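Peer 1: Residue numbering for the sequence shown follows this note's numbering, starting at 5 and increasing by one per position.
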Amino acid sequence: DLKNEESVLEWLIDDDNRELPDEIETVNLRMLNKLVEESPFLAVYF
Numbered sequence: 005d006l007k008n009e010e011s012v013l014e015w016l017i018d019d020d021n022r023e024l025p026d027e028i029e030t031v032n033l034r035m036l037n038k039l040v041e042e043s044p045f046l047a048v049y050f
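(1) Quick check: Ser-11 and Asp-5, are their CB atoms within less than 8 Å of each other?
(2) Could you tell me the alpha carbon to alpha carbon distance between Arg-34 and Asp-20, rounded to whole angstroms?
(3) Just how far apart, CA to CA, sit Thr-30 and Glu-41?
(4) For Ser-43 and Asn-32, what's the separation of their Cα atoms in angstroms?
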């Protein structure tokens, strides 16, 4: 539930989610630009 801020934060900081493909990735500027062009749904956190 995206309206539950606490559960969203828990999901974002959970180390297991960083290991899932297509979930959370660390990217550089070049990779980010490519993802923006190719992905219809993309969220970016700084």
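Where a beta carbon is used, it is the ideal one built from N, C-alpha and C, also for glycine. Owing to the predicted nature of the structure, the values given are computational and were not obtained by experimental measurement.
Peer 2: So, to answer that:
(1) Locating residue 11 in the sequence shown gives position 7, counting from the first residue. Locating residue 5 in the sequence shown gives position 1, counting from the first residue. In this structure, Asp-5 lies closer than 8 Å to Ser-11 by Cβ.
(2) As a position in the sequence shown, residue 34 is number 30, starting the count at 1. As a position in the sequence shown, residue 20 is number 16, starting the count at 1. Distance between the alpha carbons of Arg-34 and Asp-20: 25 Å.
(3) Sequence index remark: in the sequence shown, residue 30 carries index 26 (1-based). Sequence index remark: in the sequence shown, residue 41 carries index 37 (1-based). The straight-line gap from Cα to Cα measures roughly 17 Å.
(4) Here residue 43 corresponds to residue number 39 of the sequence shown, with the count starting at 1. Here residue 32 corresponds to residue number 28 of the sequence shown, with the count starting at 1. Cα-Cα distance, rounded: 16 Å.
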